[in-house]
Every structure is written in structure tokens, then in C-alpha cells.
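> Just so you know, the sequences run in chain order B and D. So for the first sequence, full-length UniProt numbering puts the first residue at 1; every next one is plus one. So for the second sequence, full-length UniProt numbering puts the first residue at 1; every next one is plus one. No residue lacks a Cβ here, since even glycine has one placed at the ideal position from N, Cα and C.
2 protein chains.
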Amino acid sequence: MTLIADLTDLLGPAHVLTGADMDRHAQDWTGKYPGQPVAVVRPGDTGEVSACLRLAARHGVAVVPVSGNTGLVGGTYTQGGLLIALERMNRIRDLNPVTRIATVEAGVILSALHDAAADQGLYFPLWFGARGSAMIGGVLSTNAGGSNVLRYGSTRALCLGLEVVLADGRVLNLMSSLHKDNSGYALRDLFIGAEGTLGIITAAVMKLVPAPRAYATATLALRNLADASVLLNRLQEASGGLVEAFEFMPASYMRRLAGVRPDLGLPFAEVPEVTILTELGATAPALCDAGEDGSVPLSGLLEVTVAALMEEGLILDAIVAQSEAQRRAMWARREAAAEITFARRPFVDTDIAVPLDRAAEFLAAIHTRLQAIDQAHEAMVVAHMGDGNLHFTAFPVDGSEATYDRVITMIEDVVAELRGSFSAEHGVGLSKLSSMARRKDAVALDVMRAIKAALDPEGRMNPGKVIPTESTP
Amino acid sequence: MTLIADLTDLLGPAHVLTGADMDRHAQDWTGKYPGQPVAVVRPGDTGEVSACLRLAARHGVAVVPVSGNTGLVGGTYTQGGLLIALERMNRIRDLNPVTRIATVEAGVILSALHDAAADQGLYFPLWFGARGSAMIGGVLSTNAGGSNVLRYGSTRALCLGLEVVLADGRVLNLMSSLHKDNSGYALRDLFIGAEGTLGIITAAVMKLVPAPRAYATATLALRNLADASVLLNRLQEASGGLVEAFEFMPASYMRRLAGVRPDLGLPFAEVPEVTILTELGATAPALCDAGEDGSVPLSGLLEVTVAALMEEGLILDAIVAQSEAQRRAMWARREAAAEITFARRPFVDTDIAVPLDRAAEFLAAIHTRLQAIDQAHEAMVVAHMGDGNLHFTAFPVDGSEATYDRVITMIEDVVAELRGSFSAEHGVGLSKLSSMARRKDAVALDVMRAIKAALDPEGRMNPGKVIPTESTP
Numbered sequence: 001m002t003l004i005a006d007l008t009d010l011l012g013p014a015h016v017l018t019g020a021d022m023d024r025h026a027q028d029w030t031g032k033y034p035g036q037p038v039a040v041v042r043p044g045d046t047g048e049v050s051a052c053l054r055l056a057a058r059h060g061v062a063v064v065p066v067s068g069n070t071g072l073v074g075g076t077y078t079q080g081g082l083l084i085a086l087e088r089m090n091r092i093r094d095l096n097p098v099t100r101i102a103t104v105e106a107g108v109i110l111s112a113l114h115d116a117a118a119d120q121g122l123y124f125p126l127w128f129g130a131r132g133s134a135m136i137g138g139v140l141s142t143n144a145g146g147s148n149v150l151r152y153g154s155t156r157a158l159c160l161g162l163e164v165v166l167a168d169g170r171v172l173n174l175m176s177s178l179h180k181d182n183s184g185y186a187l188r189d190l191f192i193g194a195e196g197t198l199g200i201i202t203a204a205v206m207k208l209v210p211a212p213r214a215y216a217t218a219t220l221a222l223r224n225l226a227d228a229s230v231l232l233n234r235l236q237e238a239s240g241g242l243v244e245a246f247e248f249m250p251a252s253y254m255r256r257l258a259g260v261r262p263d264l265g266l267p268f269a270e271v272p273e274v275t276i277l278t279e280l281g282a283t284a285p286a287l288c289d290a291g292e293d294g295s296v297p298l299s300g301l302l303e304v305t306v307a308a309l310m311e312e313g314l315i316l317d318a319i320v321a322q323s324e325a326q327r328r329a330m331w332a333r334r335e336a337a338a339e340i341t342f343a344r345r346p347f348v349d350t351d352i353a354v355p356l357d358r359a360a361e362f363l364a365a366i367h368t369r370l371q372a373i374d375q376a377h378e379a380m381v382v383a384h385m386g387d388g389n390l391h392f393t394a395f396p397v398d399g400s401e402a403t404y405d406r407v408i409t410m411i412e413d414v415v416a417e418l419r420g421s422f423s424a425e426h427g428v429g430l431s432k433l434s435s436m437a438r439r440k441d442a443v444a445l446d447v448m449r450a451i452k453a454a455l456d457p458e459g460r461m462n463p464g465k466v467i468p469t470e471s472t473p
Numbered sequence: 001m002t003l004i005a006d007l008t009d010l011l012g013p014a015h016v017l018t019g020a021d022m023d024r025h026a027q028d029w030t031g032k033y034p035g036q037p038v039a040v041v042r043p044g045d046t047g048e049v050s051a052c053l054r055l056a057a058r059h060g061v062a063v064v065p066v067s068g069n070t071g072l073v074g075g076t077y078t079q080g081g082l083l084i085a086l087e088r089m090n091r092i093r094d095l096n097p098v099t100r101i102a103t104v105e106a107g108v109i110l111s112a113l114h115d116a117a118a119d120q121g122l123y124f125p126l127w128f129g130a131r132g133s134a135m136i137g138g139v140l141s142t143n144a145g146g147s148n149v150l151r152y153g154s155t156r157a158l159c160l161g162l163e164v165v166l167a168d169g170r171v172l173n174l175m176s177s178l179h180k181d182n183s184g185y186a187l188r189d190l191f192i193g194a195e196g197t198l199g200i201i202t203a204a205v206m207k208l209v210p211a212p213r214a215y216a217t218a219t220l221a222l223r224n225l226a227d228a229s230v231l232l233n234r235l236q237e238a239s240g241g242l243v244e245a246f247e248f249m250p251a252s253y254m255r256r257l258a259g260v261r262p263d264l265g266l267p268f269a270e271v272p273e274v275t276i277l278t279e280l281g282a283t284a285p286a287l288c289d290a291g292e293d294g295s296v297p298l299s300g301l302l303e304v305t306v307a308a309l310m311e312e313g314l315i316l317d318a319i320v321a322q323s324e325a326q327r328r329a330m331w332a333r334r335e336a337a338a339e340i341t342f343a344r345r346p347f348v349d350t351d352i353a354v355p356l357d358r359a360a361e362f363l364a365a366i367h368t369r370l371q372a373i374d375q376a377h378e379a380m381v382v383a384h385m386g387d388g389n390l391h392f393t394a395f396p397v398d399g400s401e402a403t404y405d406r407v408i409t410m411i412e413d414v415v416a417e418l419r420g421s422f423s424a425e426h427g428v429g430l431s432k433l434s435s436m437a438r439r440k441d442a443v444a445l446d447v448m449r450a451i452k453a454a455l456d457p458e459g460r461m462n463p464g465k466v467i468p469t470e471s472t473p
């Protein structure tokens, strides 16, 4: 029997897609990686995923997992491999409000988990633009970040337990809800962020946190990035570590926003050099319970702090959100980032991280060296500033591959000089493969290859992703 | 040349110990694992560690790292292997107060890092009894926990970068200070907690946090463990998540404390069923700056909360520390735990974790089943209750190996039924090896074995630890 016949026997014809039926899964939303899978299967539970992997093993076919397909690095691309879509495994198996833990399947949409947690006064503290379609399986496989990492950590920090189907179909059961477990190697952390190259994540136990009962959100105008670093420390100091987000939008970003999404408006009459979107979140009654005049102490705390820092001259101008609608409008400007980036082509986009005290240095160096490559280029950046994570985009005039390579190489040179990373939160997939080869420590690459070979000896798990075959000196 | 001659050539005779000179390193403080290394070497830098490993490889000799040697599971035991003592690598290479990061070598004593951080108003938030001799290398290799995990996480959560020497002497440089880095597999997390079986950790980049500027500490008398769970949630709610420690000392513990360390006193005239030591820590000026009457708002917050909960009947009696001396006296009672455990023999001590809502169930089941094994036994427990981590000790009348096995098997049965872990924070080493074989998911053991074989094909890195050779069905 052919693989497709075997799979159809296993799952029924409704869950084995071929031909044009695969279009929705075979290509991600960036459009940059049009794939051609042998089929797309939609198993309904872990046992079926396991059976699919055994069949793929028997037929010697590569396997690529896909969930929400909102990735940015081509991680779900395949030519001839079997795409395993986890979308039907979309149950929240359990949500315990006392222990603050959710047991979820890989196909649960991030915002569905947000909603279920909110029903219990809890929050799953991972927040990014694609939350309405991204699924937990992909979130885990890419160790996704977002706007709340500053306070709560990336996905890896939010996961207690994991279920993984290995290349040969065996199920690795690490579904623990323990906060401490030192019984052997950190396998959970290894599979998180492995982008499906070591196994397919089918379920997980995730930590929830008490939902902030009050938010205070502000858009602030600053003189420069050095002032932003001082500001973040000052806000943390004043609030006792309540900063949930600290997002950097320079003039280049705000001007482009005005062009692409004029409906969202600009916060200040004059576009400042540096715009910061910051948000505090609190749960303590002393900060959340409205006073007799209806005012929330957390907002008062932010207003007083901002006023003092304006007095000092650190903040040039400020708007503190006075309603949920104003808060949402502030976030909409930040979350338009992907739309703004992709609105103009050609572009060279990046997802880099530098040490917290070197972001200004990074931007200055990039500016100088881009000028040398292409005087007429434009550029834009938006950043999770509290994590040192910058999404820098260059728009060169020339769309040739040679220019792309020159620009990306130059950016990565600067990143390397500053001891940063060429991939902060989006992962490696296909698009950062040459960066891995050129930039990653050669010994680290060797160790990754050894682990990959040990767990996937036939090299059939999402082949060609994450680990380059040869490292470039 | 012999290995010892080669090592002496490399390091000089002062740093190659043999015979009785090895006593200090060859046996840990529990006295349970008297080893016989071929030699103890004390390399002074990463290059020398690498050279030692190359020599050991050439001579086909096993290698075991040792730093503070305060472990509890026999992790540094060796018969015939080479002990590599990291104690001379004791430099804090850098401590950046702005980015809140410390770059440390493996031989830095934990309390030395505490002191260096404190000089900058910062805190390295890992705190346990052995902090005056435990070193960072061992702390990382065992993914150490302690009393502050509830708020700040275990060691793995506090580490940004790592330097590891591999079995063949190559140096794996993961010395990043980035808060986000998704460039490939989580190698750092894999080596943390691997207890030297995959490589030797020589240096690390550790996160620091703002030092709490005020603490509020209390010893509380409660009716039972169920009330303790409610209390923790209530304290978190009232303080907005400022609980740094929540330690459980039942009557069995307090009575034994009174016997072994009468100098430390008992907090309450009558020993309550449940004694809780809890501590809040704050940095926000609004909670830390003393008022005109000299009172600290954080203490006031704790006092008001405790008073309200006494009124409710949840707390039976309470002492809120009024001075640093009183705070230290409260902690001394908790930190006498190891001393109390080892004061009576025979004992069966454990380091188990259960889901947060199942600790009472665990203790009740253990009590019943211990009675059935040995009616005259005594038992004691002390726990990091906020993490579900219990250190349960049985003192059976009979010191035979058979009784030990019956008791430990029974305890682990209960742990397994509750989906807990037989090793929460101490690691596996030698002493939990049979538990790994009996209790760990068979697929997980296979994956660990595959990784071990891939990174240490000759099986020379701390052999016989962590991973049992065969799993017991």
C-alpha cells in the first residue's frame, strides 16, 4: 500500500488532504515558502499522531508538524514530506484555578487559552499579534516570545509538562504539573524550541498567573534610547517590578505606521525620536481597588511617576490611557508591526537580540554601515526593549539577492560584535539556516547535530530546518 | 607517562593531589559515599580543565567534577576516576549593576555571589542552608533549588549563559547575556542539572534581581495543611505576589528541633499541628520607605493581613518579626533541617515533589502505610510548600537494607500515584539511581541514554550517575 492509502485507512479520507486541499497548510502566511507536501493529515489524538509517525517511518517519508502556521521563518515548509496538522487536537483538557495550571493540546489557539484562563480570573502570559491563530504546538516548538516576556519569560518558562511523539512513533510522556523535578536531563526544555526537528509536541501543561486586576498603560515620548534604559529601571523601581511591557517605536516606525495605517492615528502632534509603550499590571488590592473617587491606585502610581519624570526632563511628553479603549488603541499601534513591515518590498527583516545595554550602539552601527551599502535605503525598527529584542527591517532600494545578502551579513556582523543573537524569538526554520551556519558556535552546532542524530537517526523529523548540514568558517 | 605524571606536568605538583591529600574531596559531607579517585586535580582556568579532559581521554580514565561538595545524592563519588575540583576557578569575572548580570566561574561560593550582588543593591535569588560552601558549578550541575524558588525559580531559571568543557576537551561557549535567544536547541538547559554526566561546567552568566529593600517575615501557627494552601493564595493576593518563601514545619519537625537544637527555641508555647515560616520581599518605595513613625509599610501590610486572617480563624497564632535578629532566628529554625535529619539514624530521607494540591494527601497516605511497615517508626517532614517540594524523613526502628527498601519503595509508590517526582531538587547522583530505573518513564530514560551516548560516547563523564543502565519494569 502507498503511504496515502495507509494514512486514509488510519484516519479516514476526511483527514488526509491532498492536491489543492493542502493549500491552506502547505504555505505559511508570509508566502515566502510555498511547499508541496505529499499529504496533509489531521490526526485527532496522540495515538493517531503516533500511528502517523510509524507509517511515515515505514515508508521512509519525512514529517513536518504544523499548527497555526503563523511562523516567520519557514518552519513548516516541506517538499515531499508529510504535513501533520495538529488543529483537531484543540481541547483544553483541564484548567485548575487553584494550582493555576492548564493542560492543553497542541492545536489549542493561543487566544482560546487566554479566554479560558480569563474565565477563572487567570492569565496565560504570552501575548503577541498572531494570538488569534497561533496554536500552542507552534508556540512551544518555536519557544515563542512576545510582549510580556519581560515579566513572565518566554514559552519555555511557562511550561511544566510536555507530551512528544518521537520519530519512531513512541510517546514521550513528560506531562508533569510539578514546579520542581530534578529527575534527569531537561528533556522538556530540549523539545521546546526544537521546531519539530526532534519530535512532535502533542500536549503540554502550562502555567497560568493571576490575571492583573488593573493595568496602567502609557505612551511616552523620549529623547533617545539611552533615556529609555534609564526609564525602564525607574519604572521597575517605582512599581516594584510590575512592568509587563516596554515596547520601543522610534520615529522611523511611527512615520511608517502613519503611512500604512492612518486609521490608528499618531499619539503626539510631533513624532518624537523615541516612542515607548509601557504597561504595568497589578493584582494586589492596594493597587487595584478603586478609591471613593473611582480612581485606580495603579493608574495613579503611573501618572505620578510619569509626572515626576517629565518634571526631571527624562520624559518629553506622555499620554496615560484613561480607558480600556485608549489602552487598546495604544496596543493596536504596536501590533501593526508585521503589517507595516510587509507593506513595502523588498525588505530585509530581522529578529535580533543584543545585551540590554547595547541596543543604542547596535542601531548607530547599523545606520552607518547601511549608508555605505545603500544610501537611498530606508529602515525601521520596533523592539521588545526590556528583553533587548529588536525587530530591525531594512528596505533597500535594490531587491537583488546580492543586496539582501550584503545587508543581512552586515547586520549579523554587528550583532556578533555585540555578542547578540541573530534569532531572538522567531526561531531558525529555513530562513535563518545560513545564519546558524555562519554565526553559531561551531562546538554548539556539533552538539546539536549529535543530539539530532541520536533522536532522529533517519533524519526524517522536519529535515533541513534549524541545523545546517555544514558550518561555514 | 602515567596520567598522574601528565597531569603534574600540566598543573604542577601543588594542584595534583593523591593519597591522603584527596580526603577533603573524595568524600562528601554526608559520609555515605567514601570514594577513591585516582587523583584530585585543581585546574586554574578553563584551558586547564580542557587539557585535563584531553589527558583523561587519552588515558581512558573517567572524570568527575567537584566544587563545594555539599550535594546529598553522592554525585561526586568515584572509584578510580579523576576528580576535577573547580575551587580555584573562583572569580566573579564581571558584575553589571545596570543589566543585573554576573559572570562567574564554577568555583565561586554561593554566599560570595550573594555578597558581591548585595554591594550593588542586588540579590542572587538562590538561598539554601549550604550557601556558605556550595559553589556555582555544583549549583548549576544539580539545578539547585532552595527557599526562594517560589518567587524566582530554580537555578535553570536564573542562568543566561554557560561554558562547558566536553568529554573530548572541546569548550562549548554558550556564554550569552541575552534574555532571548532562539538560535537552536536549549543546550544550556540540558547541561544544567546533568550532574557532570555530559560535560563540566566551568563558568556561567547569572541573572541578579533588585535586592528586596524590605522584608517582612512571620512564623504562623495553623490547623492543617489544607489551611496552608488557602493561606499561601491569600498572602499572594494581598501582597500582589511578593511571597519569597513559604516553608512548612509540622509538629514532628518542631519537636525534633527542640530536641536537637534547644538553643533555637520554639516559637509557640504549644507546638501547633502546622508551623509556616513565610517571608515577603519588596523593592517598591511605597512598601519599603519607613513612615514618620519609623514603621515599614511592608511589615504593616503583613501584620494587617495576618491579623485579618486570625480574625477569620485561618491563622491560630502568629509572630511577625520585629527586627533582623528575630527574622534570622526564624530562619535558623528552618535551616537546621539537615542537622536534625542526620542527628538520628537509621533514617530514610527523601526529596519529593507532588502537585501543589496533593501534599496533604501524600502525608496522609504515607502515615497509614508507614504504620503498616513499622508501627514504632518516627517520621518528620519539612517542606518548600509553595513548590510542592517535601523533604520527608522516616526513622524506622530497624536499620536493615530490606527495611530501607520497603520504606523508600512505599514512599515512591505514593509519589507515583500522585504523579509526583522522587527527586525534586537534590538530583539523582548515585542515591536515586534505582528510583530512576523504577520510576522514570521508560521512553524518557531511552532518550536520556541516547543523548548521553551521543555526547559522551566512551561513557567517561561522571559514569554511573543519573542514568541507570537498565530500566526495571
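Counting beta carbon pairs with one atom in the segment 200-213 of chain D and one in the segment 156-164 of chain D, are three or more of them shorter than 8 Å?
With a cut-off of 8 Å, the segment 200-213 of chain D and the segment 156-164 of chain D count as touching, because enough Cβ pairs lie within range.
> Does the segment 266-277 of chain B come close enough to the segment 390-409 of chain B to have 3 or more Cβ pairs within less than 8 Å?
The segment 266-277 of chain B vs the segment 390-409 of chain B: no contact.
> For B:E335, which residues from the same chain have a beta carbon less than 6 Å from its beta carbon, with the 5 sequence-adjacent residues on both sides left out?
Here residue 335 of chain B corresponds to residue number 335 of the first sequence, with the count starting at 1. The answer, listed in chain order, is G129.
> Determine contact between the segment 55-62 of chain B and the segment 453-466 of chain B, defined as no fewer than three beta-carbon pairs at a distance below 8 Å.
Flag = yes, the segment 55-62 of chain B and the segment 453-466 of chain B touch.
> Where DSSP assigns a beta bridge to D:V164, which residues make up the other side?
Walking along the second sequence from the start, residue 164 of chain D turns up at place 164. According to DSSP, which records beta bridges pairwise, D:V164 is partnered with D:L172 and D:I201.
> Can the beta-carbon of D:L174 be found closer than 8 Å to that of D:V139?
As a working note, residue 174 of chain D is residue 174 in the second sequence. As a working note, residue 139 of chain D is residue 139 in the second sequence. It is not a contact, given that the beta carbons lie outside the stated cut-off.
> Just the Cα atoms here: how many angstroms apart are B:L455 and B:S177?
In the first sequence, residue 455 of chain B corresponds to position 455, counting from 1. In the first sequence, residue 177 of chain B corresponds to position 177, counting from 1. About 25 Å.
> Can B:G137 and B:I201 be called in contact, C-beta distance under 8 Å?
Indexing the first sequence from 1 puts residue 137 of chain B at position 137. Indexing the first sequence from 1 puts residue 201 of chain B at position 201. Going by C-beta atoms, B:G137 is nearer than 8 Å to B:I201.
> Could you check if B:R148 is buried or exposed, using at least 16 other CB atoms within 10 Å of its CB as the buried criterion?
In the first sequence, counting from the first residue as 1, residue 148 of chain B sits at position 148. The sequence as given places Asn at residue 148 of chain B; Arg does not occur at that position. Buried.
> Identify whether D:F422 lies in helix, strand or coil by the three-state DSSP scheme.
What you label residue 422 of chain D is simply residue 422 of the second sequence in a count that begins at 1. Reduced to three states, the DSSP call for D:F422 is coil.
> Kindly say whether D:P473, judged by its beta-carbon, lies nearer than 8 Å to any beta-carbon of chain B.
Residue 473 of chain D sits at position 473 when you count from the first residue of the second sequence. Residue confidence is low: D:P473 scores 45 on pLDDT, short of 50, so the model does not pin down where it sits. No coordinate-derived value is stated.
> Taking 8 Å as the threshold (beta carbon to beta carbon), is D:P285 in contact with chain B?
The residue you call residue 285 of chain D lines up with position 285 of the second sequence. Yes, D:P285 lies at the interface with chain B (some Cβ there is under 8 Å from its Cβ).
> Since D:F422 meets chain B, which of its residues come closer than 8 Å, beta carbon to beta carbon?
As a first step, residue 422 of chain D must be located in the second sequence, where it is residue number 422. Near D:F422 (Cβ distances below 8 Å), the residues of chain B are S183.
> Below 8 Å, how does it come out for the segment 364-384 of chain B and the segment 301-311 of chain B: are there three or more Cβ pairs, yes or no?
No: fewer than three Cβ pairs fall under 8 Å.
> Count the C-beta pairs between the segment 277-284 of chain B and the segment 233-242 of chain B that are closer than 8 Å, then say yes if the count reaches three, no if not.
Taking 8 Å as the limit for Cβ pairs, the verdict is that the segment 233-242 of chain B does touch the segment 277-284 of chain B.
> D:R358: buried (16+ other C-beta within 10 angstroms of its C-beta) or exposed?
As a position in the second sequence, residue 358 of chain D is number 358, starting the count at 1. D:R358 comes out buried.
> Give me the residue from B:G429, B:G68, B:D227 and B:G81 with the minimum Cα distance to B:T18.
Along the first sequence, read from residue 1 onward, the residue named residue 18 of chain B stands at position 18. It is B:G81 whose Cα lies nearest to the Cα of B:T18.
> Please list, in chain order, all residues of the same chain as B:E87 whose beta carbon is under 6 Å from its beta carbon, the five residues on each side excluded.
The count along the first sequence starts at 1 and reaches residue 87 of chain B at position 87. Hits under 6 Å: G107.
> State buried or exposed for D:D189, treating a residue as buried only when at least 16 other CB atoms are found within 10 Å of its CB.
As a working mapping, residue 189 of chain D is identified with position 189 in the second sequence. Looking at its Cβ environment, which holds 16 or more other Cβ atoms inside 10 Å, D:D189 is buried.
> If you measure beta-carbon to beta-carbon, which residues of the segment 206-229 of chain B are closer than 9 Å to chain D?
Those residues of the segment 206-229 of chain B that come within reach of chain D (Cβ to Cβ, closer than 9 Å) are V209, P210 and S229.
> Since D:N143 contacts B:N143 with CB under 8 Å, what's their CB separation in whole angstroms?
Your numbering for residue 143 of chain D matches position 143 in the second sequence. Your numbering for residue 143 of chain B matches position 143 in the first sequence. Not quite, the Cβ-Cβ distance comes to about 19 Å (not below 8 Å), so this is no contact.
> Do B:A394 and B:H377 have their C-beta atoms within less than 8 Å of each other?
By one-based count along the first sequence, residue 394 of chain B stands at place 394. By one-based count along the first sequence, residue 377 of chain B stands at place 377. Contact: yes.
> Under 9 Å Cβ-Cβ, which residues of chain E neighbour D:A453?
The structure shown contains no chain E; its protein chains are B and D.
> Would a C-beta distance cut-off of 8 Å place D:L257 and D:I315 closer than the cut-off?
Position 257 of the second sequence, counted from the start, is the residue given in the question as residue 257 of chain D. Position 315 of the second sequence, counted from the start, is the residue given in the question as residue 315 of chain D. Not closer than 8 Å, so no.
> For D:R234, which of B:A26, B:H426, B:A284 and B:R93 has the nearest alpha-carbon?
As a working note, residue 234 of chain D is residue 234 in the second sequence. Comparing Cα-Cα distances from D:R234 to each of B:A26, B:H426, B:A284 and B:R93, the minimum goes to B:A284.
> What in chain D is Cβ-close to B:K465, meaning under 7 Å?
Within the first sequence, numbered from 1, the residue matching residue 465 of chain B stands at position 465. Within 7 Å Cβ-Cβ: nothing; B:K465 doesn't reach chain D, min ~10 Å.
> Restricting to runs no shorter than 3 residues, where is the beta strand (DSSP E) found entirely within the segment 306-355 of chain B?
As far as the segment 306-355 of chain B is concerned, its whole beta strand (DSSP E) runs of at least 3 residues are 315-320.
> Report the neighbours of D:S154 on chain B: residues whose CB is nearer than 7 Å to its CB, in chain order.
In the second sequence, residue 154 of chain D corresponds to position 154, counting from 1. Those are K180, listed as they occur along chain B.
> Enumerated in chain order, which unbroken segments of the beta strand (DSSP E) with a length of 3 residues or greater are wholly contained in the segment 193-262 of chain D?
Those beta strand (DSSP E) runs which fall completely within the segment 193-262 of chain D and span 3+ residues are 200-207, 214-222 and 243-250.
> At a CB-CB cut-off below 8 Å, which residues of chain B make contact with D:S299?
Sequence index remark: in the second sequence, residue 299 of chain D carries index 299 (1-based). Here the premise fails: no neighbours, minimum Cβ distance about 14 Å.
> Could you have a look at B:L178 and say whether DSSP puts it in helix, strand or coil?
Indexing the first sequence from 1 puts residue 178 of chain B at position 178. Coil, per DSSP.
> Identify the continuous alpha helix (DSSP H) that holds residue 474 of chain B and give its terminal residues.
With chain B represented from 1 up to 473, any question about residue 474 of chain B goes unanswered, as that position is not in the structure.
> Smallest Cα separation from D:R170: which of D:V40, D:V49 and D:V260?
In the second sequence, counting from the first residue as 1, residue 170 of chain D sits at position 170. Closest option to D:R170, Cα to Cα, is D:V49.
> Check whether the Cβ atoms of D:V407 and D:F392 sit closer than 8 Å, and answer yes or no.
What you label residue 407 of chain D is simply residue 407 of the second sequence in a count that begins at 1. What you label residue 392 of chain D is simply residue 392 of the second sequence in a count that begins at 1. For D:V407 and D:F392, no; Cβs fall outside 8 Å.
> Closer than 8 Å is the cut-off here; do at least three beta carbon pairs connect the segment 440-451 of chain D with the segment 90-104 of chain D?
The answer is no - the segment 90-104 of chain D does not touch the segment 440-451 of chain D, with fewer than three Cβ pairs under 8 Å.
> Less than 8 Å separating the beta-carbons of D:V304 and D:V320?
Within the second sequence, the letter at position 304 stands for residue 304 of chain D. Within the second sequence, the letter at position 320 stands for residue 320 of chain D. Contact: no.
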